[in-house]
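Below is one structure, written out as structure tokens; comments come after it.
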Amino acid sequence: MRLRKSTSRTATTASAAVLLAAASLTTAFGAQPREEKTLTAAPLATWQTDGIVWSVEYARGVVYVGGTFDSVRPPGAKPGEREVARKNFAAFDAVTGKLLPCAHSFTGGVGTVRALKASPDGKVLYVGGSFGKVDHTGVTSAVAIDTAGCTLRKDFRPAMGAIVRTIETTGKTVYLGGEFVVADGRTRNRIAAFTRSGSLLPFSADIDEPVRAVLAAPDRGQLLVGGAFHNVNGRPEQALVSLNPTTGATVKSFPDWLPERSAVSSLARNGDRFYLGAEGTGTGIFDGRIAGRLSDGAMVWKDTCLGATQDVLVHKGVLYSASHAHFCGLTPGGFPDGPRRHFLAQAVGDKRILHWFPDTDDGIGEGAGPRTLTMAGEILWAGGEFTMVNGKPQQGLTRFGAGPRNTAPQEAPRLTSVSPPTGKVTLTWRAAWDRDDAELTYRIYRDGLLVATRKQRSTEWDRPEMTYTDPVHPGSRHRYTIAVTDGKNTTPRSAPLDVTASAAK
1 MRLRKSTSRT ATTASAAVLL AAASLTTAFG AQPREEKTLT AAPLATWQTD GIVWSVEYAR
61 GVVYVGGTFD SVRPPGAKPG EREVARKNFA AFDAVTGKLL PCAHSFTGGV GTVRALKASP
121 DGKVLYVGGS FGKVDHTGVT SAVAIDTAGC TLRKDFRPAM GAIVRTIETT GKTVYLGGEF
181 VVADGRTRNR IAAFTRSGSL LPFSADIDEP VRAVLAAPDR GQLLVGGAFH NVNGRPEQAL
241 VSLNPTTGAT VKSFPDWLPE RSAVSSLARN GDRFYLGAEG TGTGIFDGRI AGRLSDGAMV
301 WKDTCLGATQ DVLVHKGVLY SASHAHFCGL TPGGFPDGPR RHFLAQAVGD KRILHWFPDT
361 DDGIGEGAGP RTLTMAGEIL WAGGEFTMVN GKPQQGLTRF GAGPRNTAPQ EAPRLTSVSP
421 PTGKVTLTWR AAWDRDDAEL TYRIYRDGLL VATRKQRSTE WDRPEMTYTD PVHPGSRHRY
481 TIAVTDGKNT TPRSAPLDVT ASAAK
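The structure is reproduced here in structure tokens:
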């Protein structure tokens, strides 16, 4: 749900408990689910901002960042420390994360950059938002930058009547979407199309409310448009429509895909399939993700998660999303109602939620956590309102690599013992969990020596009780500890437990 913290438990959540229990039994006693390979959940060292990041984009080895901020600072620096001035726009080396000298100041208007989009060849970066100046040049909320020299282009200077929230380009055509109803002095209701040199095209569609996402599929003769609208070209179209990319005429409708108070916030493509992220206003309104086909406009799957989705992207068979999901109990692999989880990974084929759970806090502004995602090679960059990542201070930006997986299990469990038969010690503990490994190995030590290992699948919300019975001499006294490993990272051993084995009576 949009910008709203959930404190209630609905009837839907209660009824989902039975389904979750059944799913847990299937996983525990039947075949284990296949696991697509995700990125690691451990964040890479990343520069930070002193405000909100609304958009990130990759082009030719550089990640560009746009938002509402005044400065950036190095990884680990606290607010106010070692800050470097960057007014709503910054650029970083996509691999090392190093701050680059490419810098422009976006001011005037609201003073924010909301949309970044690179041309298919990466030579041009289109920038939109609400601003009246770039450095000392007067503009009107949309410009283009040559990436080779980070120079402001003189030809792409459309005059937009209000904020630009999304940009898409085919290389020949640049589409701007947002809240405007005028572009270059002509009526353009929430969407407009321009040539690469900035000339307004005849393309026109009548959309009644803001556009938030645009996805071009010229090979399918379509332009997908998502937003908070209800009518397009004089007909009911709830939040999603497919338009002719040349004329703006309606090509396909998607009736009953989204309820009235649900809006499409993001769109992504993978071959013939497209994926959308939604956010709803009000309790129980659809907030999740949908997969569809461009060829026939059919829905492939729809998840049932609650907690607004801000952005989606596809990488190597995995759909990554920035959200604040708090209930995915009716989606395979999902979780019951509880804390917000700000990143999700799903199998593109069947919507299964995969075991990948890095996290942020809600952060500043509207408190939505992460807002935007982009892939730079094998590195996922994320920006937003957050000030914490995986429980540690990190503001505005973070990134995750391809691995190897290097988040350690959260902590070693606490051992307890029960009264066993003569000559045996039975240890019990609650399973630990790991952000990017579902199955963990438990190493049990007696008097400092490894005596047994046990494996168990677990999640943060499902941590089974485990036991181990150790045969020892009756009446002998021993000290036990336990450690947990994901195969690469191992926790420190637990606090010791001293146990005297039962003696024969």
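Residue numbering for the sequence shown follows this note's numbering, starting at 1 and increasing by one per position.
Cβ atoms here follow ideal geometry from the backbone N, Cα and C, with glycine treated the same way.
Nothing here was measured: the structure is a model prediction, and the numbers come from that model.
Between the Cα of residue i and the Cα atoms of the options, which residue gives the shortest distance?
{"i": "S141", "options": "N390, S130, C150, G149", "result": "S130"}
{"i": "N189", "options": "A431, I290, M160, S199", "result": "M160"}
{"i": "K98", "options": "G108, V84, V139, V389", "result": "V84"}
{"i": "T481", "options": "V472, G487, T491", "result": "T491"}
{"i": "G111", "options": "L306, A376, V72, G51", "result": "G51"}
{"i": "A263", "options": "T283, F274, A239, T372", "result": "A239"}
{"i": "A483", "options": "A77, S476, R493", "result": "R493"}
{"i": "R73", "options": "P358, P393, T422", "result": "P393"}
{"i": "D135", "options": "G292, G109, A103, K154", "result": "A103"}
{"i": "Q395", "options": "V418, V425, A376, T68", "result": "T68"}
{"i": "R443", "options": "A347, S197, S323, G487", "result": "G487"}
{"i": "Q410", "options": "T422, D436, V425, R399", "result": "D436"}
{"i": "W301", "options": "F180, G317, G349, A278", "result": "G349"}
{"i": "S417", "options": "V499, A408, G448", "result": "V499"}
{"i": "A216", "options": "G401, E366, P120, R157", "result": "P120"}
{"i": "Y64", "options": "P79, R86, A213, K78", "result": "R86"}
{"i": "A298", "options": "K252, G108, V232, F194", "result": "K252"}
{"i": "P218", "options": "A452, S266, S295", "result": "S295"}
{"i": "C150", "options": "F89, G198, K133", "result": "F89"}
{"i": "D70", "options": "G198, F203, Q48", "result": "Q48"}
{"i": "R341", "options": "K351, R352, A347, H326", "result": "H326"}
{"i": "A148", "options": "G384, A118, Y175, L267", "result": "A118"}
{"i": "S476", "options": "T422, T38, G284", "result": "T422"}
With which residues is residue i paired in a DSSP beta bridge?
{"i": "L427", "result": "S417, Y468"}
{"i": "L176", "result": "I167, A192"}
{"i": "G227", "result": "V211"}
{"i": "F106", "result": "V134"}
{"i": "F400", "result": "P43, L380"}
{"i": "D146", "result": "V124, T151"}
{"i": "V181", "result": "DSSP, once it has assigned bridges, lists no residue as partnering V181."}
{"i": "Q456", "result": "L440"}
{"i": "A91", "result": "Y64"}
{"i": "H478", "result": "V499"}
{"i": "T387", "result": "Answer is none; T387 lacks a bridge partner."}
{"i": "C235", "result": "Position check: residue 235 holds Arg in this sequence, whereas Cys was assumed. Note: R235 sits in a beta bridge opposite V232."}
According to the Cβ coordinates, are residue i and residue j closer than 8 Å?
{"i": "V53", "j": "R371", "result": "yes"}
{"i": "F106", "j": "V62", "result": "no"}
{"i": "A94", "j": "Y126", "result": "no"}
{"i": "R457", "j": "A438", "result": "yes"}
{"i": "P413", "j": "A382", "result": "no"}
{"i": "A403", "j": "T173", "result": "At residue 403 the sequence reads Gly, which differs from the Ala that was named. Not a contact, by the Cβ cut-off of 8 Å."}
{"i": "Y468", "j": "L440", "result": "no"}
{"i": "R273", "j": "R293", "result": "yes"}
{"i": "I167", "j": "G221", "result": "no"}
{"i": "A501", "j": "V472", "result": "yes"}
{"i": "G177", "j": "R165", "result": "yes"}
{"i": "V318", "j": "A291", "result": "no"}
{"i": "G369", "j": "G363", "result": "yes"}
{"i": "D311", "j": "L354", "result": "no"}
{"i": "W461", "j": "F254", "result": "no"}
{"i": "T169", "j": "L152", "result": "no"}
Of all the CB atoms in chain B, is at least one closer than 8 Å to the CB of residue i?
{"i": "S141", "result": "In the structure shown, chain B cannot be found, because there is only a single protein chain."}
Q.
Measuring CB atoms only, is the stretch 221-238 touching the stretch 202-211, in the sense that at least three cross pairs come out at less than 8 Å?
A. yes
Q. In the stretch 264-311, which residue ranges form an unbroken beta strand (DSSP E) of at least 3 residues, counting only runs that do not cross its ends?
A. 273-280, 289-293, 299-302
**Q.** Stretch-stretch touch, CB-based, cutoff 8 Å, three pairs: the stretch 323-333 with the stretch 382-399
**A.** no
Q: Scan the stretch 314-368 and note each continuous beta strand (DSSP E) run of 3 residues or more that stays entirely inside, going in chain order.
A: 318-325, 341-347
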